[in-house]
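Please read the structure below before turning to the comments.
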Amino acid sequence: MPFPFNCCCTAKSTRSELYHAAPDEDEAGGGNGKTPTGIQLSSLATTTTPPKYSWDVRRAEETDPSRYRVQNVDGGFVLKNDLNGQQLVIDNCKRAVIAVLDVTGSVMVDDCLDCTLIVGPCNGSVFIRGSSNCKVFYVGQQFRMRDCREIDIAIYCRTQPIIESSAKIRFYPLNLFYPNLHEHLSTIGMSAFGSPPRSIHDYTPSPGMRNYSIVDDELRMDLASSRELRASGISLEHNDSVFIQKEYIENTENLVNVMLLAVQRSGESAPDFYDRCYKACNEAHQKGMKVVNVCDNMPFSDVSEALTDEELGDILKEEIPADIRSKMIVLEVMVPPTEISKYMEGPMGEEFNKVPLKYQTVLRDRFFS
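Each position in the sequence shown, counted from 1, maps to that position plus 40 in our numbering.
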C-alpha cells in the first residue's frame, strides 16, 4: 500500500503554524478585504508586527503582575477567583472588602486598615504584617502575623497559628460558604471537619498579659457587608457554613455525650470519604444533633497511629488489616438519650460507628485535649 505522502505534506506540521494567531482585518488588508500590492506591500513589509501565538497570549495573562496583586484600594469590594494556586499580594488597602475565592499558594497582606479579608483554601501560609482594625476569615495550612493590632480572625488552620509583635488579636471559629469551597478544600487536602485553634504561638509574649484571646462565639459582619457578600454567593453565617464545628451548649440537661468514628474505606478517595461523612453529619444536624467536638485525623497522620488494632476492631466490629492507612473523623455529639437510635438508624449509622463507652475517655484525651 503506497505511503500517503500527499496527506502528510499538506498538513500543518510546525508548532508555529498550528498555533499562529489569525490576523485581524486591519492586519490582513486595511479592513477592506483586499491584499495590498505594489508600494503598499513594500511599505507593509517594514511595519508588520511580530506574529502572535496562543501560548504567548496565555503566558502574558499568567505573568501579569496585576492579576496577583490587590493594591491601594480604598473602599469597595474586590473579588479574586482566578489565581489557580499562585501567590497573592494584598497591600496598602483601606476600608475595603476583599474576597479570595480560589486556591492560593500563599497570601501576603501588608499595611491594611479597616478591611475585611475572606481568604479561601491556601496551600501555604497567610502572612499579615503591619495591619490594624481588620476582620479576617481564613482557611489554609498555616497562619502568621507580625506587627498587627486589633485583628479579629475566624480561622480553620492545619497548624498552630503564629503571632509576633502584635496585640489585641482575637481568634474565632470559622463559618464560611461559597460555591466550590468543598472542591477547593479537597485540592489542598483539607476537609470540612475543622476545629477552631486550641492554642496560639506568640513569639513575643508581653509580661503579665496576653496579646491574643480565643473566642468561642462567632465572628459576625455588619448587615450591609453581609448583604454585599451574599450578592456574590458568600455567606459567613453558621447555618450556611460548610464546616462541621463544635457548638457550645449552655443547657446540657437531658442530653448525653456520644462519640462516633468514621474510617476511610479501602479504595475510597479522600474527597469521597469526606463527602459521605459530611452529608451524614449535615442531615443529623438538621434533626437536632449537636457537635461538641470534631477532629479529622489530627494530630495523627492516619488511623493506625491513633488507635490500636484491638481498639479499632472493637469500634468497627470487623477485622482490621495489618497495613491499614486511612483517614478518619472523630465526633463527639450531644443528643437526648431517647433519640440516640433515631440518629444511628439514618445516614449517621451507615457512615459512623458508635464508640464503646470504655474507649470514650481515651479517645477524648487523644483527640480533643
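Glycine residues also receive a C-beta, built at the ideal position from the N, C-alpha and C atoms.
- The straight-line gap separating the alpha-carbon atoms of serine 272 and cysteine 317 is approximately 28 Å.
- The residue from Cys133, Pro245, Asp142 with its alpha-carbon nearest to that of aspartate 151 is Cys133.
- Between the beta-carbon of valine 373 and that of leucine 300 there is about 7 Å, and that keeps the pair under the 8 Å contact cut.
- Around the beta carbon of serine 235, 16 or more other beta carbons sit within 10 angstroms, so the residue counts as buried.
- Across the structure, serine 246 and glutamate 277 are spaced so that their CA atoms are roughly 34 Å apart.
- In this structure, tyrosine 212 sits near valine 255, with a CB-CB distance shorter than 7 Å.
- If one requires a minimum length of 3 residues, the beta strand (DSSP E) runs lying completely within the stretch 206–277 are 207–213, 252–254, in chain order.
- In the three-state reduction of the DSSP assignment, threonine 156 falls in the strand class, which pools E and B.
- Counting other Cβ atoms within 10 Å of its Cβ, glutamate 351 reaches 16 or more and is therefore classed as buried.
- Look at the beta carbons and you see the stretch 301–321 touching the stretch 386–399: at least three pairs across the two are nearer than 8 Å.
- Taking a 10 Å sphere around the C-beta of methionine 261, we find 16 or more other C-beta atoms and assign the residue as buried.
- When Tyr399, Val166, Ile138 are compared, the shortest CA-CA separation from glycine 145 is found for Val166.
- Of the residues Lys175, Val375, Glu379, Ile240, the one whose Cα lies closest to the Cα of glutamate 287 is Val375.
- Of all alpha-carbon atoms in Lys175, Phe183, Val370, the one lying nearest the alpha-carbon of arginine 406 is that of Val370.
- Counting C-beta pairs with one atom in each stretch, the stretch 174–183 and the stretch 152–159 have three or more that are closer than 8 Å, which means they touch.
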